[in-house]
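Numbering (the numbering used here), first residue to last: 3 to 295. The beta-carbon is built from N, C-alpha and C at its ideal position, and this holds for glycine as well. Note that the coordinates shown come from a computational prediction; the quantities given were computed from them, not determined experimentally.
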Ligand code: GUN
């Protein structure tokens with residue numbers, strides 16, 4: 003079994019990004035700048051956003067974190083997004099999800115300029131991704147593709163079960179694994195809560211991407227010998243052994259599944275770290291205006 007080591011791959015990729023920023027600045031250009039908006043004080047969102055900001059600093063990007071209280075109106079949030087869309091010193095904008103119930107997530111998603119949408123959630127970007135046109139790819143699927151590529155994993159002609167159909171991971175991942183590209187060219191089954199015989203589908207698949215947010219869901223009997231297993235789960239579960247009182251659990255029962263796999267990504271230390279790379283690469287591409295809209 004080979005561990006898909008997010009720590010190793012992300013560290014290497016951050017060094018490359020940092021070198022690219024140094025070159026940009028030496029050539030008299032501005033370093034890429036990411037702006038993150040955080041509404042309320044959801045513990046997990048706080049952790050993710052501070053990690054995004056910290057990683058920006060690590061590679062030499064500029065970053066700004068804009069905070070709003072959880073009772074902010076939709077109008078105020080939309081106004082701020084429009085202001086950032088017009089700010090030429092900011093290349094990428096993300097609004098951390100989830101948002102409080104008074105705010106329409108779709109309106110917020112569509113308010114972000116597609117050219118600054120480094121989360122890749124705007125319908126322009128997801129539509130372009132569907133058509134295999136240049137687009138910002140959502141950070142987690144993008145990170146997984148980079149991980150597969152780094153380890154030289156051949157995906158062409160393989161069967162791939164994606165579990166979970168979220169807009170953030172499962173849905174775009176299924177499209178990316180199916181498209182005529184590398185990594186890609188898989189025969190994909192997109193599994194979800196209504197899927198019948200899910201165990202049989204996954205047990206027959208060469209690649210499994212587990213992105214449903216249920217700790218330990220993928221068990222030994224659901225995985226075939228020699229499979230490639232990508233664990234996207236990042237659920238906080240109570241823990242008596244950590245200072246914070248919780249630990250991060252993946253969607254795969256790693257202890258019992260890993261010995262059957264050709265490759266498996268751990269949690270923590272796997273996909274989560276690659277998600278950050280996806281976001282940083284998108285921000286770099288936005289700064290360089292690599293994608294024309
Ligand atoms: N919430 C969970 N994952 C994400 C993500 O990738 N981007 C944003 N904006 N919010 C999230």
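Problem - Contacting residues, own chain, Cβ-Cβ under 7 angstroms from residue 276 (five flanking each side not counted) - result: Reading the chain shown from its first residue, position 274 is the one you call residue 276. The residues are 8, 11, 12, 145, 146, 148 and 149.
Handout entry: residue 97: CB within 8 angstroms of a non-hydrogen atom of the ligand GUN
Key = Here the question's residue 97 lines up with position 95 in the chain shown. It does: the Cβ of residue 97 is within 8 angstroms (strictly closer) of some heavy atom of the ligand GUN.
Handout entry: For residue 6, the first and last residue of its enclosing beta strand (DSSP E)
Key = On the chain shown, position 4 is the one that residue 6 refers to. It is not in any beta strand (DSSP E) - residue 6 carries neither H nor E in the DSSP assignment.
Practice task
Look up residue 192 in the DSSP assignment and give the residues it is bridged to.
Solution key: Stepping through the chain shown from its first residue, residue 192 is reached at position 190. The partner list for residue 192 (beta bridge, DSSP) reads 164.
Practice task
Whole angstroms is fine: what's the gap from residue 18's alpha carbon to residue 154's?
Solution key: Here residue 18 refers to the residue found at position 16 of the chain shown. Here residue 154 refers to the residue found at position 152 of the chain shown. Looking at the two C-alpha atoms, the distance is approximately 19 angstroms.
Exercise for the section: Pick out the complete alpha helix (DSSP H) segments inside the segment 124-161, 4 residues or longer, and give them in chain order. Expected result: Runs of the alpha helix (DSSP H) lying entirely within the segment 124-161, each at least 4 residues long, are 125-132 and 141-152 in chain order.
Practice task
Could you pull out every residue in the same chain whose Cβ sits closer than 6 angstroms to the Cβ of residue 245, ignoring the five residues on either side in sequence?
Solution key: Within the chain shown, numbered from 1, the residue matching residue 245 stands at position 243. Answer for residue 245: no residue qualifies.
Handout entry: Ranges of the alpha helix (DSSP H) found wholly within the segment 66-124, counting only runs of at least 4
Key = 76-87 and 107-113
Practice task
Please name the residue, chosen from 294, 124 and 287, that lies closest to residue 110 on a Cα-to-Cα basis.
Solution key: For the purposes of this step, residue 110 is identified with residue 108 of the chain shown, where counting begins at 1. Closest option to residue 110, Cα to Cα, is 124.
Handout entry: Residue burial classification, residue 84 (beta-carbon count within 10 angstroms, cutoff 16)
Key = To locate residue 84, count along the chain shown from 1; it is residue 82. Residue 84 should be labelled exposed.
Practice task
Could you name each continuous alpha helix (DSSP H) segment of 4 residues or more that falls completely within the segment 256-290, going from the start of the chain to the end?
Solution key: The qualifying runs are 256-259 and 273-289.
Practice task
Kindly confirm or deny that the segment 31-42 and the segment 90-104 touch, where touching means at least three C-beta pairs closer than 8 angstroms.
Solution key: Yes: the two stretches touch, three or more of their Cβ pairs being nearer than 8 angstroms.
Problem - Whole-angstrom distance between residue 179 and residue 157, CA atom to CA atom - result: Taking the first residue of the chain shown as 1, we reach residue 157 at position 155. Taking the first residue of the chain shown as 1, we reach residue 179 at position 177. CA-CA distance, residue 157 to residue 179, rounds to 8 angstroms.
Problem - Between the CA atoms of residue 161 and residue 182 - distance to the nearest angstrom - result: Your numbering for residue 182 matches position 180 in the chain shown. Your numbering for residue 161 matches position 159 in the chain shown. Approximately 14 angstroms between the Cα atoms of the pair.
Practice task
Return the residue from the list 226, 261, 48 and 152 that minimises the CA-CA distance to residue 69.
Solution key: Sequence index remark: in the chain shown, residue 69 carries index 67 (1-based). Nearest C-alpha to residue 69: 48.
Exercise for the section: Have a look at residue 105 and residue 113 and give me their C-alpha separation to the nearest angstrom. Expected result: Here residue 105 refers to the residue found at position 103 when the chain shown is read from its first residue. Here residue 113 refers to the residue found at position 111 when the chain shown is read from its first residue. C-alpha separation (whole angstroms): 12 angstroms.
Exercise for the section: Compute the distance between the beta-carbons of residue 23 and residue 284, then report whether it is under 9 angstroms. Expected result: Taking the chain shown and counting its residues from 1, the one referred to as residue 23 is at position 21. Taking the chain shown and counting its residues from 1, the one referred to as residue 284 is at position 282. Cβ atoms of residue 23 and residue 284: not closer than 9 angstroms.
Problem - Of the listed residues 294, 4 and 274, nearest to residue 140 (C-alpha basis) - result: On the chain shown, residue 140 is found 138 positions in, with the first residue counted as 1. Residue 140 has its Cα closest to that of 274, out of 294, 4 and 274.
Exercise for the section: Classify residue 371 as buried or exposed, calling it buried when 16 or more other Cβ atoms lie within 10 Å of its own Cβ. Expected result: The requested residue 371 does not occur in the structure, where the chain is confined to residues 3 to 295.
Practice task
Tell me, please, whether the segment 126-142 touches the segment 279-295 by the rule of three or more beta-carbon pairs shorter than 8 angstroms.
Solution key: yes
Handout entry: Three or more C-beta pairs below 8 angstroms linking the segment 233-243 and the segment 183-200
Key = no
Exercise for the section: Run the CB neighbour count on residue 32, radius 10 Å, all protein chains shown included, and call it buried at 16 or more, exposed below. Expected result: Indexing the chain shown from 1 puts residue 32 at position 30. Residue 32 comes out exposed.
Practice task
Using beta-carbon positions only, say whether residue 280 and residue 251 come within less than 9 angstroms of one another.
Solution key: As a working note, residue 280 is residue 278 in the chain shown. As a working note, residue 251 is residue 249 in the chain shown. No, Cβ-Cβ distance for residue 280 and residue 251 is not below 9 angstroms.
Problem - Option in 185, 177 and 78 with minimal Cα separation from residue 193 - result: The sequence position of residue 193 within the chain shown is 191, counting from 1. For the residues 185, 177 and 78, the minimum Cα distance to residue 193 belongs to 177.
Practice task
Return the chain-ordered ranges of every alpha helix (DSSP H) run that is complete within the segment 183-239 and spans a minimum of 4 residues.
Solution key: 200-205
Problem - Segment limits, alpha helix (DSSP H) that includes residue 41 - result: Taking the chain shown and counting its residues from 1, the one referred to as residue 41 is at position 39. Not the alpha helix (DSSP H): residue 41 falls in the beta strand (DSSP E), residues 35-41.
Problem - Helix, strand or coil at residue 46 [DSSP, three-state] - result: Numbered from 1 along the chain shown, position 44 holds the residue referred to as residue 46. Three-state result, residue 46: helix.
Exercise for the section: Tell me where the alpha helix (DSSP H) around residue 242 begins and ends. Expected result: If you number the chain shown from 1, residue 242 lands on position 240. Taken as a continuous stretch (DSSP letters only), residue 242 belongs to no alpha helix (DSSP H), as it is neither H nor E.
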